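Engineer:
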Amino acid sequence: MMIYRGFFHRLHRFPGPFLARFTNLYITFKIWNKMHLHEDVRKLHEKYGDVVRVGPTELSINKPGAINAVFLDTDCMKGPWYNLLHPMVSMQMVRDKEAHSKRRKAWEYGFTSKALRDYEPRVLKYTEQLLAGIETRAGAAFNAALWFNFYSFDVMGEFSLGRGFRMLEDGASHFYMDALHDETRAVGRFTHAMWALPLYRGAAVWNAGVRRFKTWIAGEVRRRIENKPESADIFTWVLEDYEAKGVRSAQDMLNLFGDCILITVAGSDTVAAVLSCLFMELARHPKEYKKLQEEIDECFRHHDKPEHAPLSKLRYLQACIDESLRLHPPVPSGVQRVTPPEGLKVDDVWLQGDTIVFVPSYTQYRDVRFFERPDEFIPERWTDRPELVKNAAVYVPFSTGHDVCIGKQLGLMETRFVTSAIVHRFNVEYAEGQTGEGFLEGNKDTGTLTVAPLQVVFTPRKS
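If you read the sequence shown in my numbering, its first letter stands for residue 506, the second for the next number, and so on.
Right under this line is the structure:
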C-alpha cells in the first residue's frame with residue numbers, strides 16, 4: 506500500500522511533501538504543532554506550486570479558476586470532514602445535495618429581508634450592552650476578542666435558544682461558549698484525519714465533556730420547544746419544519762440539536778473573529794481609523810441612532826470589513842470537497858474523480874497574482890484603488906454556490922452595528938507592550954478562525 510501511494514497512485518504526478526504521499530498524519534502533525542494550517546499551506550504552495558498533494562488522496566488547489574470549478578460549475582460533493590458532528594447532522598453538514606437543499610429551505614425563512622429587519626432591535630440591544638461593557642473599562646487594557654465573543658454568542662443565543670447567555674451583562678464566559686471552543690480546538694486537529702477522531706473522542710476524559718455538552722444542548726432545545734419566544738427567531742423556522750413532520754424519528758431530533766449548535770457557532774465564532782481581526786488592524790492603522798471615523802461621524806450627524814440601512818451604504822466601512830476578511834478569512838484553509846467520479850478540470854489541470862480537494866482562502870487572498878501588495882491592510886483597494894485587486898473572483902469569504910453562507914447578511918449587520926458604534930464613540934490603540942503580532946501568533950486555524958486575546962485600550966472621544 507505504501508509503495509502504491511508513494512509511486513503509483515493516481516495523484517503521484519502532483520508535487521508535495523514526500524511524507525504526505527503516504528499518510529494524512531503528515532498534515533495532521535502540521536496542524537497539531539501550532540494550529541496554523543493556513544500559514545503552513547501557503548508555504549507549501551510557495552514551494553510546490555498551484556496544486557499541492559497534502560495527503561494520499563488530498564490536494565490543495567490555488568488556481569485562479571478553482572472557486573468556479575469546485576463550488577459553482579461542478580458536481581463536487583462535501584468531503585468526509587462533514588461527518589464531524591455525527592450522529593447530529595446540522596443543515597450545513599448534510600453531504601447529499603438534494604437533502605441539503607431541502608433542509609436549507611426551512612432556514613431561508615429566517616434570513617429574509619423582513620426577518621433581518623425584525624432582528625435589528627435585538628441586535629441593537631446587545632450592541633448597547635457591549636458598549637456599556639467597553640465604557641466601564643475604558644482607558645484600561647481590554648480583551649476585545651473575549652468581549653466580541655460574549656457579544657456574538659449572546660446574539661446567537663437569542664436567535665437559537667430564545668435567550669442570550671448573559672455574558673455581556675455578567676462580564677464572564679458561559680459553559681456553552683467554553684465547551685464549544687474546547688470542542689472546536691480538539692476536533693480541528695483532525696480536519697485531515699477524520700478516521701482518528703472517534704479514537705480521540707473515546708478517551709474517558711474527553712468523552713465526559715462531550716456527554717455533558719450533549720446533555721446540556723438537548724435540555725436547552727427541549728426547553729426552547731416548550732417555550733416559544735414572542736418574536737420569531739432563526740430557530741422558529743427550523744422548529745416549524747421539524748414539527749411539520751408527520752412521524753418524527755430519533756434522527757430528526759438529533760438533527761434539530763445539530764441545527765441549534767450550527768445557528769450559535771456559525772453566527773458567533775465568525776462574527777467574533779471578524780470584529781477582532783478588524784480592530785487589530787484598525788489599532789495598527791490610525792490613519793485608516795481616522796478616515797473611518799469621519800465617514801461614520803457624518804452618518805451619525807444625519808441619524809442619531811442609525812438603523813442598519815444607512816450603515817450598509819457606508820463604502821469605507823464596508824471596505825475595512827472586506828479588507829480584514831481578505832487578510833484574515835473566517836475559514837482560512839477553505840472547505841473540503843470531493844471531485845465527481847468522472848473527474849474535474851480546474852483551469853489547465855485535470856483532477857481524477859473521488860479526490861479530496863480544498864481551495865485555501867488565506868493562500869489565495871495573499872497571492873500577488875490576485876491582489877497587489879497582498880499582505881498589506883489597504884481598504885482603498887475596495888473603493889477608489891481597484892487596480893490593487895487583480896482577480897476579484899477568488900474573493901468569496903462567505904463561500905459561494907449552493908453552500909454560500911446563509912447568515913451572511915445577519916453577520917454583516919452585527920459587524921456594522923458594533924464597528925460603527927465603537928468607532929463613533931472611542932479611539933483605539935494597543936495596550937502597553939502589545940503590537941498585534943501576539944494576537945496573530947495566538948490565532949488558531951481550527952477549521953474556522955479561533956482568535957486569541959486582543960489587548961487594546963478604548964478611550965472615549967472628546968465631544
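All residues carry an ideal CB built from backbone N, CA and C; glycine is no exception. Remember, it's a predicted structure, so these values are computed and weren't measured experimentally.
Does DSSP classify Arg-842 as helix, strand or coil?
Structural biologist: Reduced to three states, the DSSP call for Arg-842 is strand.
Engineer: Suppose the cutoff is 7 Å on Cβ atoms and the five residues either side in sequence are ignored; what does the same chain contact list for Gly-503 look like?
Structural biologist: Because the chain spans 506 through 968 in this model, residue 503 falls outside it and cannot be assessed.
Engineer: Using the Cα positions of Arg-500 and Tyr-631, report the straight-line distance between them to the nearest angstrom.
Structural biologist: In the structure displayed, the chain extends from 506 to 968; residue 500 sits before or after that span and is not available.
Engineer: Please report how far the alpha carbon of Lys-539 lies from the alpha carbon of Leu-530, in whole angstroms.
Structural biologist: So the alpha carbons of these two residues sit roughly 15 Å apart.
Engineer: Assign Gln-960 to one of three DSSP states: helix, strand, or coil.
Structural biologist: Residue state, collapsed to three classes: strand.
Engineer: Which of helix, strand or coil does DSSP assign to Ile-572?
Structural biologist: DSSP places Ile-572 in helix when its eight states are reduced to three.
Engineer: Using CA coordinates, which residue listed in Val-961, Gly-521, Lys-913 is at the minimum distance from Thr-775?
Structural biologist: Closest option to Thr-775, Cα to Cα, is Lys-913.
Engineer: Report all residues from its chain with a CB closer than 8 Å to the CB of Tyr-821; omit the five preceding and five following residues, and keep chain order.
Structural biologist: The residues are Lys-796, Leu-797, Glu-800, Pro-884, Thr-888.
Engineer: By the DSSP assignment, the beta strand (DSSP E) with Gly-916 in it spans what residues?
Structural biologist: Premise fails: Gly-916 lies in the alpha helix (DSSP H), 913-930, not in any beta strand (DSSP E).
Engineer: With a floor of 3 residues, list each beta strand (DSSP E) that falls wholly inside the segment 768-826, ordered by position along the chain.
Structural biologist: Fully enclosed beta strand (DSSP E) runs of 3 or longer: not present.
Engineer: Contact between the segment 937-956 and the segment 833-843: three or more CB pairs below 8 Å?
Structural biologist: They touch, by the three-pair rule.
Engineer: With 16 other CB atoms within 10 Å as the buried threshold, where does Gly-693 fall?
Structural biologist: Classification of Gly-693: buried, given that the 10 Å Cβ count is 16 or more.
Engineer: What three-state label does DSSP hand Asn-896 in the structure shown?
Structural biologist: Note: Asn-896 maps to coil in three-state DSSP.
Engineer: Output the distance between the C-alpha atoms of Phe-616 and Arg-609, rounded to the nearest integer angstrom.
Structural biologist: Taking the straight line joining both Cα atoms gives about 11 Å.
Engineer: Leaving aside the five residues before and after Val-725 along the sequence, list all residues of the same chain whose C-beta is less than 6 Å from its C-beta, in chain order.
Structural biologist: Checking the sequence, you will find Glu at residue 725 rather than Val. Correct list, in chain order: Leu-666.
Engineer: Are there 16 or more other CB atoms within 10 angstroms of the CB of His-591, so buried, or fewer, so exposed?
Structural biologist: Result: exposed.
Engineer: Taking the alpha-carbon of Thr-769 as reference, which of Ala-637, Thr-868, Ala-684 has the nearest alpha-carbon?
Structural biologist: Cα-wise, what sits closest to Thr-769 is Ala-684.
Engineer: Taking the beta carbon of Ser-736 as the centre, do at least 16 other beta carbons fall within 10 Å, making it buried, or is it exposed?
Structural biologist: Label assigned to Ser-736: exposed.
Engineer: CA-CA distance, Glu-603 and Tyr-867?
Structural biologist: The alpha-carbon atoms of Glu-603 and Tyr-867 are separated by roughly 30 Å.
Engineer: Would you call Ile-536 buried or exposed, if buried means 16 or more other Cβ atoms sit within 10 Å of its Cβ?
Structural biologist: Buried is the call here.
Engineer: How long is the line joining the alpha carbons of Asp-687 and His-807, rounded to whole angstroms?
Structural biologist: Their Cα atoms are separated by approximately 44 Å.
Engineer: Does the segment 891-899 come within contact of the segment 871-880, defined as at least 3 CB pairs closer than 8 Å?
Structural biologist: Judged by Cβ distances under 8 Å, the segment 891-899 makes contact with the segment 871-880, as three or more pairs qualify.
Engineer: For a minimum of 3 consecutive residues, which ranges assigned as the beta strand (DSSP E) are wholly contained in the segment 552-633?
Structural biologist: 556-560, 563-566, all fully within the segment 552-633.
Engineer: Are the segment 612-628 and the segment 637-645 in contact at 8 Å, needing three or more beta carbon pairs?
Structural biologist: As far as the Cβ criterion goes, the segment 612-628 does not touch the segment 637-645, which means the pair count is below three.
Engineer: DSSP three-state label for Asp-683, please.
Structural biologist: Of the three classes helix, strand and coil, the one that applies to Asp-683 here is helix, per DSSP.
Engineer: Roughly how many angstroms separate the alpha carbons of Ala-897 and Tyr-624, rounded to a whole number?
Structural biologist: Cα-Cα distance, rounded: 31 Å.
Engineer: Leaving out five residues before and five after His-679 in sequence, what residues of the same chain have Cβ atoms less than 6 Å from its Cβ?
Structural biologist: Phe-670, Met-672, listed in sequence order.
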